[in-house]
Structure formats: structure tokens, C-alpha cells
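Position one of the sequence shown corresponds to residue 800 (this note's numbering), numbered consecutively onward.
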Amino acid sequence: MTMRPTKIAPSILAYDLSNLKEGLEIASKGGADQIHLDVIDGRFAPNITFGPGTVKALRPRSPMKFDTHLMIVDPQLYVDRFLEAGSDLLTFQAEALDPDAFDALRSKIHSRGKEMGLALKPETQLPSWAEDRLQFLSALLLLTVNPGFSGQAMEVGVFPKIERLSRLVAERGLDLDVEIDGGIDEGNVGEVAKRGGNVFVAGAGVYGKPDPVRAISELRSRAAAVRGGS
Ligand code: DX5
Ligand code: ZN
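Below, the structure written as C-alpha cells:
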């Protein structure tokens, strides 16, 4: 079984929101694999961040993969906007997605050459409709905090789910990133990586550090040390 590569995804929500362009530059300087963009609508979760206009404005600033985490209700209404804006990966919260809309959404996203992901809140288990469709996904995002804000403490109660779902993905030999999101920093990324996952999102764990560029490579080497590979 081939090991999935370790990837680091800085979450730009934790940077100075008046200077997101600089946040992108820091991410590429640190060798990040993708930039994580948290879209929150004040309805799915109690915060309002940014939307497709911001994604579109950032697009020409960086060739990095735009990993767009949609924490919004009725996400199907906004898919066209995010595709036009330049999102590369559109990750939907399973709690907000109408399972009947999945197949049409997936065709739309894939016909544009883009990727689809599914996210689960800490308390949410993988629904059976999603388990049956894992082969169509590029990312399975497991939240280790409740959606809304950067800088929250990681919920270690999610670890058994990380183990279980990482095992499921490996057993099925799926070409699927398992992305862990919430409260990750240098101090705990090794513990998380031991449980599973291969993509590690970090907001405060990158942008809240005195040297965010170094923090990215530190996260990568600590995760890789546990997982093997680079
Ligand atoms: C939570 C978001 C996370 C968050 C991560 O709503 O999905 O991506 O910004 O930030 P940290 O790493 O600071 O918990
Ligand atoms: Zn996120």
C-alpha cells in the first residue's frame, strides 16, 4: 500500500485579514502544499469570514492549490461562484449537503477539472450515503474543533474517528486525502499524524507563530517523522 504524501495547508483565516496576499506569500515561502480558505456564512457556524469575491481576488496572486472549506448552508447554491472564483478543491460539510444533490454537484465540479471534498464536524459520523461515494472524493476533512474560529483547542475525542476513517481509506486503496483541521500546531501534529490523516491544516499553528515560514516546515517534518516519508 503506498503511503499518501504528507501535506501542510495553512489556514489563512488566522492571518491579518487586511493583508491576505501576504498570507499567501508566507504559505508558498514555507513550502505549503495548499492554502486552506475557510468560508463561513454566520448560519452554519457562528462567524462570517469571506466568500467567492475574496477567493477570486486572491486567485491571480498565487498558483497554490486553493482548498476551499465551505461551512455554509445550502452550499449547492454557491458552487458556480466558487468554481468561477478559482477554487481547486471544494469541500462541503456533510451536515449541510443534501445527499440527493451530491451526484449532480460532483459531475459539475469534475467536469470543470476540480476536486470535491466532504467534511465532518467533530460529532458527526460518516453517513452511509457518503461512505458509498468515497471514490468520488479527493478529500475527507475531519474537523477537530467546532467550525467557526481559528485558535481553538483541539478535541482529542475525534482521534478514534481519525483512526477508523484513515484505515477505511487505506483498506479501500482510495486516492483520497484525509485532512485534519482544527487546533493543530507543532506540539501536537505528531500525535495527530500517529492516528492517521495526511493533510494537516493549521491556522494559529502557522500564522500565530513568530516565524510562520519556519512553522510550516516544522509541522511537515514532525508529521513526516511519525508517518515516514516526507
Ligand atoms: C474552523 C476552521 C479551521 C480553522 C483552523 O472553523 O475550519 O480551518 O481556521 O484554525 P486553527 O488551526 O487555528 O484551529
Ligand atoms: Zn477549515
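Built from N, CA and C at the ideal position, the CB exists for glycine as well.
Residue i versus residue j: straight-line alpha-carbon distance, rounded
i	j	result
residue 826	residue 967	31 Å
residue 814	residue 919	24 Å
residue 844	residue 1026	32 Å
residue 944	residue 987	14 Å
residue 973	residue 983	25 Å
residue 912	residue 820	25 Å
residue 976	residue 898	21 Å
residue 1009	residue 824	16 Å
residue 894	residue 906	20 Å
residue 860	residue 854	10 Å
residue 862	residue 873	28 Å
residue 816	residue 856	13 Å
residue 961	residue 994	6 Å
residue 849	residue 842	13 Å
residue 926	residue 871	19 Å
Residue i: CB within 7 Å of a non-hydrogen atom of ligand 1
i	result
residue 892	no
residue 951	yes
residue 847	no
residue 973	no
residue 868	yes
residue 916	no
residue 826	no
residue 941	no
residue 872	no
Spatially closest choice to residue i from the options, by CA coordinates
i	options	result
residue 1015	1003, 974 and 1025	1003
residue 940	987, 981, 1022 and 861	981
residue 768	899, 929, 831 and 999	Outside the displayed range of the chain (800 to 1029) lies residue 768, so it cannot be described from this structure.
residue 965	952, 996 and 932	996
residue 1001	934, 862, 866 and 855	866
residue 864	938, 946 and 902	938
residue 891	857, 1023, 946 and 862	946
residue 990	1013, 1023 and 1006	1023
residue 868	837, 925, 883 and 808	837
residue 772	851, 1018 and 926	Summary: the structure shown does not reach residue 772, with the chain confined to residues 800 through 1029, and so no result is reported for it.
residue 1032	883, 949, 959 and 832	A query on residue 1032 cannot be resolved here, the shown segment of the chain reaching from 800 to 1029 and no further.
residue 1031	1007, 957 and 963	Any property of residue 1031 remains undetermined from this structure, which presents the chain solely from 800 to 1029.
residue 887	926, 910, 901 and 952	910
residue 978	835, 830 and 828	835
residue 803	969, 1017, 985 and 1013	969
Heavy atom of ligand 2 within 7 Å of residue i beta-carbon
i	result
residue 980	yes
residue 810	yes
residue 988	no
residue 837	yes
residue 854	no
residue 1000	yes
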